[in-house]
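Everything in the sequence shown is counted per my numbering, starting at 2 for the first residue and increasing by one. Even glycine gets a Cβ: it sits at the ideal position worked out from N, Cα and C.
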Amino acid sequence: MESKLIRKWSNRIEEYKFLFSELVKRDFSQKYKRTSLGMAWSVLSPLLTLLVMKVVFTAFFGRNTPHYTTYLFSGNLVMAFYKEATKNGMDSLMKNSKIIEKINLPKYLFLLSKNVSALVNFSLTLVVYFFFCFLDNIQFGPRMVLLIFPIICLTIMNIGIGMILSALYVFFRDIKYLYDVFLTLLTYLSAIFYRVDRFKDPFKQQLFLLNPVYVMIKYFRTIVIDMTIPSAAYHGLCLFYALFYLAIGTWVYKKYNNEFIYYL
């Protein structure tokens with residue numbers, strides 16, 4: 002079912018290819034408008050966050066954690082991608098309400114343009130991430146290619162969650178403030194600066210797998226730092242979260258597609 006939906010979206014995107022490319026360009030120009038460094042902030046922002054967290058948390062959590070800089074960067078990298086994609090996706094319909102009112106076109110194009118923009122920023126930061134891995138004496142190998150898998154899963158999941166949030170935001174404006182609080186909680190529950198194995202109870206460690214963002218972060222760390230390939234079951238868990246949220250997001254958009262126009 003999901004593959005048919007993806008093919009359908011691909012066909013629609015091809016039909017509106019020019020409009021889609023213009024939406025992506027507009028997102029970039031608006032984001033970096035009147036900034037001196039422009040797209041450099043895509044790299045500087047996570048680096049500054051990494052610096053602050055390294056200074057604050059190394060003494061408390063990093064002493065017995067090998068490659069702690071890479072450990073931190075892995076968490077920040079995935080979390081920053083998730084936050085940017087979902088937060089920008091949330092108001093993608095509201096910010097384009099004037100276009101939606103005048104032109105009949107697939108509303109998910111606005112959401113996808115936000116996700117493409119976030120993916121480009123993520124890709125730029127990923128290059129810097131690999132550079133830091135090199136400085137941290139991480140051993141590179143063919144296993145690194147497998148990082149494509151969690152990136153794809155995370156992108157699909159971001160689209161699904163973005164669809165859910167953008168639909169909710171049309172009907173309930175308060176969701177924007179509630180989601181900011183949720184993101185703060187999610188950041189602390191994603192083991193970005195601490196290790197899950199500090200919890201001696203195995204059941205508590207397994208509870209972290211209920212957090213899909215942590216699941217993607219752990220995949221990165223397993224490949225990069227532990228130099229091992231996650232199990233088939235773990236791959237299935239990543240894929241499950243991606244398709245689960247995409248299915249819900251697609252259902253929400255199909256159900257309320259005709260009602261959006263009355264609330265924009």
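Item: Can we say the stretch 200-207 touches the stretch 128-139, given the rule of at least three CB pairs closer than 8 angstroms?; Value: no
Item: Just the C-alpha distance for Phe123 and Asp202, rounded to the nearest angstrom, thanks.; Value: 34 angstroms
Item: Below 8 angstroms between beta carbons: does that hold for Val53 and Ile218?; Value: no
Item: Three or more beta-carbon pairs under 8 angstroms between the stretch 222-242 and the stretch 94-101, yes or no?; Value: no
Item: Is Ile104 near the ligand GTP - that is, is its Cβ less than 7 angstroms away from at least one heavy atom of it?; Value: In terms of ligand content, the structure shown is empty, and the ligand GTP therefore cannot be addressed.
Item: Quick check: the Cα distance between Phe111 and Phe241, rounded to an integer number of angstroms?; Value: 25 angstroms
Item: Pop quiz: Ile162 and Thr87 are said to be a contact at Cβ under 8 angstroms. What is the actual Cβ separation, rounded to whole angstroms?; Value: 5 angstroms
Item: Between the C-alpha atoms of Ile149 and Tyr254, what's the straight-line distance to the nearest angstrom?; Value: 27 angstroms
Item: In three-state terms, what does DSSP make of Met54?; Value: helix
Item: Within the same chain, show all residues whose beta-carbon is closer than 6 angstroms to that of Asn291, passing over the 5 residues directly before and after it, in chain order.; Value: Missing from the structure shown is residue 291; the chain here goes from 2 to 265 and no further.
Item: Under the assumption that Thr70 contacts Lys55 (Cβ atoms under 8 angstroms), give the Cβ distance between them as a whole number of angstroms.; Value: 6 angstroms
Item: Distance check for Phe200 and Leu211, CA to CA, integer angstroms please.; Value: 16 angstroms
Item: Please report the residue range of the alpha helix (DSSP H) in which Pro151 lies.; Value: Ile149 to Phe172
Item: Can you give the Cα-Cα distance for Ala249 and Ile176, rounded to whole angstroms?; Value: The amino acid occupying residue 249 in the given sequence is Ile; Ala does not appear at that position. The straight-line gap from Cα to Cα measures roughly 17 angstroms.
Item: Just to confirm before moving on: does the CB-CB distance between Tyr220 and Pro231 stay below 8 angstroms?; Value: yes
Item: Assuming Met158 and Ala243 make a contact with CB atoms under 8 angstroms, what is their CB distance in whole Å?; Value: 5 angstroms
Item: Considering Ser118, what are the terminal residues of the alpha helix (DSSP H) in which it resides?; Value: Tyr109 to Leu136
Item: Spatial neighbours of Pro47 within its chain, please: CB distance less than 6 angstroms, with the 5 preceding and 5 following residues excluded, ordered by chain position.; Value: Asn77, Ala81 and Thr126
Item: Leaving aside the five residues before and after Val214 along the sequence, list all residues of the same chain whose C-beta is less than 7 angstroms from its C-beta, in chain order.; Value: Val79, Met80, Tyr83, Leu187 and Ser191
Item: Within a Cβ cutoff of 7 angstroms, which residues of the same chain sit near Tyr168, ignoring the five residues on either side of it in sequence?; Value: One detail in the question is off: residue 168 reads as Ala in this sequence, not Tyr. So the qualifying residues of the chain are Val253, Tyr254 and Tyr257.
Item: Measure the CB-CB distance between Arg144 and Ile226 and report whether it falls below 8 angstroms.; Value: no
Item: At the level of alpha carbons, what is the spacing between Ile104 and Val146?; Value: 41 angstroms
Item: Given Cys154, which residues of its chain have a CB within under 8 angstroms of its CB, disregarding the five upstream and five downstream residues?; Value: Met217, Cys239, Leu240, Tyr242 and Ala243
Item: Taking 7 angstroms as the limit between beta carbons, can you name the residues of its chain near Thr50, skipping five residues before and five after?; Value: Asn77
Item: Indicate the three-state DSSP secondary structure (helix, strand or coil) for His68 in the structure shown.; Value: coil
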